[in-house]
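Encoded as structure tokens, the structure appears first; notes follow it.
Right, dumping it as structure tokens:
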């Protein structure tokens, strides 16, 4: 498992490095067709999402499901197979995008041959989760398990449905865009939302999950988020060639999404309040606060863009990217990094150099802030420019460019942070090689014995 | 299970073992303001959607409209409009030679699309051509043509000639946007040239003013 | 607390609800859109693209032009798209029924291309734009797609390629060599020239006060006649 997690990390660093180049690409790297913006951007994005976020999310959830319950991993080989298929598929797919085989549907660019491998992998994985999860866990009162299963099953659901709905089926025209919007929204706001909120909750606070289940506020947040978050996908289609009811429904639910946001904030606040009351120091509170901040920022930005006067400016500008990146870089990635840190710490009994982790995360968060700020301001500037017919195209580009430079700087910071993180992980592994390997081997060994005993 | 949870929580577990520290009380109910906001928000959403969603119709693309308004925008009188009738007439009488696409047939039939005759300032000449036919050398869009075009004065009445000429002069597909032709204009020219029995030639027509 | 089955059931239902609303409903509603026949001219819209233009669409997709260019026009109530001359009406779902994928694009780093074929009819200008954007707009941020072209020394007797001449005229740095568009470049350009979304039909008529083009005015007059 640790090996798995670190592999993802390396992939992610790779993706981040690519991603940081991508915004400079229009200016500096125009010469090679493989590295032109139109290919680099989707390749980097896909590598980041499917190479890092999704697998780490799954790894953490699996860990929560099995390591958490103390049960050994059943049929490890199946899981590893699915993981291998996934990685190979992703690698092929990323190269495919760079070669120009992308599907042209944003966030689902992985070419057919690659996404088929991902689907196979995800299916194996889902079956594995269902079978072993059902058998392995008899204590279903723990909300944490639901949450893990939810996270694990949600992704195959949305990814499969989205691929069928946009890439495989010969859907006509704009319908592919509708499905795509749904997928991105589910992935970022709902899947990512649950996942990261769960991680933040469980790692940042001492309160157990049970209290959360019975908490009305949390339950309220959960259901409203599932409902409005998903339907809010329509809001992404603003201004496009879609009947107005879609836009109206989307706007309404994007605004309603602020309700679960409030609920989430309340939950966290009371939790922090408790901790403060106990006089306990929470080491990583900054991370939690900033991640929540990014999540809130994204939802608020989305809700604000529903208003006609704002929407007409920010549609089709980098504003939309700002929302997505806020969720992805500001919210999901730090939570995932944090989760990796948590797993490795507990599993291996290793100590991180606390300062190093803090710095790496700080760099990431600061970079994320720069990225989002650059995109938001750039988006508004761009939109104002486009909306004034007197401003020439070149002027619009020039004005926006300044802010995009800020975003590029943000990406560089983020990649520094990530590289730092990766270095630490490597050092951790190198330094404590025996320490890591030994417990894992012991777990396997014990599992083996246990199985034999069960068989006998 | 608590054991498991504690294990998961690693070094922070200790806090949870004492149930008193979890202040369920104040977190266990939905704050009133949140509940109020939910109700208000839902009400607003219903109102907003009802007002703006265009009755969930696939043809409404603008906020706050309804399908009837969209349909009302489509030109109503289609069946009787000159464009509509002209298109039919063109298909019946002219397309055989000048073709549907209006580009004619090289060497034989001159094009109507982008023809300087059609797009002239006024319809005086084209009405004459259609009424009494045309023969002799003519240059259209830089190409020379010389074959006869039959007269239509017996076949088509004033209104029909006006429609077909309106169609060719305003056909968007050929990027035409000239003034339409009225039956009145056709009637005038018909009575003016009532005694004519022969085809027009290009030279003759060139001496006719384009418009009056 | 409830047991696992109700929970998972509700969870699946909640996800399915958003899927039904966001994905299935539009599919039911828009999936059956048919091309329309434009009354006045008898043409079927949207037209079927030529084979070359379809190849061009693939190249457009594979080069990722849609990450910088949208292909969707907003109504004049929503922005200055129409004032900028990007189209004479907003785009509607029916404009895209022959596109797969639609490549709507989401960010406008460059101008909208939905009606490029209406405002730009010069293939050579488009080729030049692809070969060297900075020749048209200095400091252009649009990448150059040089790999779509052959560059070779100009033959002494003048070039046999008509297009390459136009290119050469504008490229002082490439004097003495000629630039010949490959098949891909020509296909891409024929796709770009085929980008038109300007026909008017049921849902596409803009609000009355927004009709501006003179042909529309001409038609109004024709309609006003008895």
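Protein chains in written order, with my numbering: chain A, 68 to 523; chain B, 413 to 624; chain C, 181 to 406. Beta carbons: idealized from backbone N, C-alpha and C, even for Gly.
Counted within 10 angstroms of its Cβ, other Cβ atoms place residue 383 of chain C as buried (16 or more) or exposed: Numbered from 1 along the third chain, position 203 holds the residue referred to as residue 383 of chain C. Buried: at least 16 other Cβ atoms inside 10 Å.
My guess is that residue 427 of chain A and residue 488 of chain A are in contact by the Cβ rule of under 8 Å, so how many angstroms apart are they, rounded? In the first chain, counting from the first residue as 1, residue 427 of chain A sits at position 360. In the first chain, counting from the first residue as 1, residue 488 of chain A sits at position 421. Right, the Cβ-Cβ distance comes to about 4 Å (below 8 Å), so this counts as a contact.
Given that a residue counts as buried once 16 or more other Cβ atoms are within 10 Å of its Cβ, and exposed if not, what is residue 348 of chain A? For the purposes of this step, residue 348 of chain A is identified with residue 281 of the first chain, where counting begins at 1. With a pLDDT of only 47 at residue 348 of chain A, under 50, the local geometry of the prediction cannot be trusted, and no value is derived from it.
What does residue 288 of chain C reach in chain F if we use C-beta pairs closer than 8 Å? Among the protein chains in the structure shown, which are A, B and C, there is no chain F.
With a threshold of 9 Å between beta carbons, is residue 383 of chain C in contact with chain B? Along the third chain, one-based indexing puts residue 383 of chain C at 203. For residue 383 of chain C, the answer is yes, since a Cβ of chain B falls inside 9 Å of its Cβ.
Name, please, each residue of chain A whose Cβ falls closer than 7 Å to the Cβ of residue 531 of chain B. Reading the second chain from its first residue, position 119 is the one you call residue 531 of chain B. Result: empty, since nearest Cβ-Cβ is about 29 Å, beyond 7 Å.
Can you tell me where the alpha helix (DSSP H) holding residue 269 of chain C begins and where it ends? Here residue 269 of chain C refers to the residue found at position 89 when the third chain is read from its first residue. Per DSSP, residue 269 of chain C belongs to no alpha helix (DSSP H) and is neither H nor E.
Residue 276 of chain C touches chain A at which residues, Cβ-Cβ below 7 Å? Position 96 of the third chain holds residue 276 of chain C. Those are 240, 241, 308, listed as they occur along chain A.
On the premise that residue 251 of chain A lies in contact with residue 303 of chain A, defined as a C-beta separation below 8 Å, what is that separation, rounded to the nearest angstrom? Residue 303 of chain A sits at position 236 when you count from the first residue of the first chain. Residue 251 of chain A sits at position 184 when you count from the first residue of the first chain. Right, their Cβ atoms sit about 7 Å apart.
If you pair each beta-carbon of the segment 154-161 of chain A with each one of the segment 172-181 of chain A, do three or more pairs fall below 8 Å? yes
To the nearest angstrom, how far is it from the Cα of residue 231 of chain A to the Cα of residue 223 of chain A? Sequence index remark: in the first chain, residue 231 of chain A carries index 164 (1-based). Sequence index remark: in the first chain, residue 223 of chain A carries index 156 (1-based). Cα-Cα distance, rounded: 12 Å.
Among the candidates C/194, C/188, C/380, C/369, whose CA atom is the shortest distance from the CA of residue 290 of chain A? Position 223 of the first chain holds residue 290 of chain A. Ranking the options by Cα distance to residue 290 of chain A, first place goes to C/194.
First and last residue of the uninterrupted beta strand (DSSP E) at residue 576 of chain B: Within the second chain, numbered from 1, the residue matching residue 576 of chain B stands at position 164. Segment 570-582 is the alpha helix (DSSP H) holding residue 576 of chain B; no beta strand (DSSP E) there.
What residue range is occupied by the uninterrupted beta strand (DSSP E) comprising residue 555 of chain B? If you number the second chain from 1, residue 555 of chain B lands on position 143. Residues 555-557.
Quick one, which of A/301, A/125, A/447, A/299 has its alpha-carbon nearest residue 376 of chain A's? Within the first chain, residue 376 of chain A is the residue found at index 309, counting from 1. Residue A/447 is the option with its Cα nearest to residue 376 of chain A.
Using 9 Å as the threshold, is the C-beta distance between residue 257 of chain A and residue 221 of chain A below it? As a first step, residue 257 of chain A is located in the first chain; it is residue number 190 there, counting from the start. As a first step, residue 221 of chain A is located in the first chain; it is residue number 154 there, counting from the start. Yes, these two residues count as a Cβ contact at 9 Å.
Please report the distance separating the alpha-carbon of residue 259 of chain A from that of residue 127 of chain A. As a position in the first chain, residue 259 of chain A is number 192, starting the count at 1. As a position in the first chain, residue 127 of chain A is number 60, starting the count at 1. Near 13 Å, if we compare the C-alpha coordinates of residue 127 of chain A and residue 259 of chain A.
Neighbour flag for residue 323 of chain C against chain B, beta carbons, 9 Å: Numbered from 1 along the third chain, position 143 holds the residue referred to as residue 323 of chain C. So no, residue 323 of chain C is outside the interface.
Residue 667 of chain B CB to nearest chain A CB: under 9 Å? The question about residue 667 of chain B has no answer, for chain B in this structure spans 413 to 624.
Give a yes or no on whether the C-beta atoms belonging to residue 372 of chain A and residue 382 of chain A are separated by under 9 Å. Position 305 of the first chain, counted from the start, is the residue given in the question as residue 372 of chain A. Position 315 of the first chain, counted from the start, is the residue given in the question as residue 382 of chain A. In contact: residue 372 of chain A and residue 382 of chain A (Cβ atoms closer than 9 Å).
Secondary structure of residue 360 of chain C, DSSP reduced to three states: Within the third chain, the letter at position 180 stands for residue 360 of chain C. Of the three classes helix, strand and coil, the one that applies to residue 360 of chain C here is strand, per DSSP.
Environment of residue 607 of chain B [buried if 16+ CB atoms lie within 10 Å]: Taking the second chain and counting its residues from 1, the one referred to as residue 607 of chain B is at position 195. Under this definition residue 607 of chain B is an exposed residue.
Figure out for me which residue from B/571, B/563, B/447 has the closest Cα to the Cα of residue 546 of chain B. Here residue 546 of chain B refers to the residue found at position 134 of the second chain. Closest option to residue 546 of chain B, Cα to Cα, is B/563.
Nearest candidate by alpha-carbon position, reference residue 466 of chain A, set A/186, A/384, A/284, A/396: One-based indexing of the first chain puts residue 466 of chain A at position 399. Taking only the C-alpha atoms, the option nearest residue 466 of chain A is A/384.
So with CB distances below 7 Å, who are the chain A contacts of residue 474 of chain B? The sequence position of residue 474 of chain B within the second chain is 62, counting from 1. Residues of chain A passing the Cβ test: 311.
Any chance the segment 466-479 of chain A sits against the segment 430-444 of chain A, with 3 or more Cβ pairs inside 8 Å? yes
Identify the contact partners of residue 300 of chain A in chain C, using a Cβ-Cβ distance below 8 Å as the criterion. Walking along the first chain from the start, residue 300 of chain A turns up at place 233. Here the neighbours are 198, 202.
Since residue 247 of chain A and residue 174 of chain A should fall inside the 8 Å C-beta cutoff, what is the C-beta to C-beta distance between them, to a whole number of angstroms? For the purposes of this step, residue 247 of chain A is identified with residue 180 of the first chain, where counting begins at 1. For the purposes of this step, residue 174 of chain A is identified with residue 107 of the first chain, where counting begins at 1. Going by Cβ atoms, the distance from residue 247 of chain A to residue 174 of chain A rounds to 6 Å, so yes, they are a contact pair.
Three-state secondary structure (DSSP) at residue 332 of chain C? Locating residue 332 of chain C in the third chain gives position 152, counting from the first residue. Correct three-state label for residue 332 of chain C: strand.
Just grab the DSSP bridge partners of residue 551 of chain B for me. Numbered from 1 along the second chain, position 139 holds the residue referred to as residue 551 of chain B. Looking at the DSSP assignment, residue 551 of chain B forms a beta bridge with B/556.
Close beta carbons around residue 317 of chain C, own chain, < 6 Å, minus the five adjacent residues each side: If you number the third chain from 1, residue 317 of chain C lands on position 137. Excluding residues within five positions, none has a Cβ falling inside 6 Å.
Out of A/295, A/495, A/401, A/266, which one is the CA nearest neighbour of residue 322 of chain A? Here residue 322 of chain A corresponds to residue number 255 of the first chain, with the count starting at 1. The option with the nearest alpha carbon to residue 322 of chain A is A/295.
How many angstroms separate the CA atom of residue 468 of chain A from the CA atom of residue 250 of chain C? Counting from 1 along the first chain, the entry for residue 468 of chain A is found at position 401. Counting from 1 along the third chain, the entry for residue 250 of chain C is found at position 70. Each residue's alpha carbon lies about 18 Å from the other.
With burial defined as no fewer than 16 other Cβ atoms inside 10 Å of the residue's Cβ, what is the status of residue 525 of chain A: buried or exposed? Lying outside 68 to 523, the shown extent of chain A, residue 525 of chain A is not represented and no answer is given.
Can you find a CB in chain C that lies within less than 9 Å of the CB of residue 623 of chain B? Position 211 of the second chain holds residue 623 of chain B. Output row for residue 623 of chain B: interface = no.
Can you check which of these residues, A/245, A/391, A/378, is closest to residue 301 of chain A by C-alpha distance? Stepping through the first chain from its first residue, residue 301 of chain A is reached at position 234. Nearest option by C-alpha distance: A/245.
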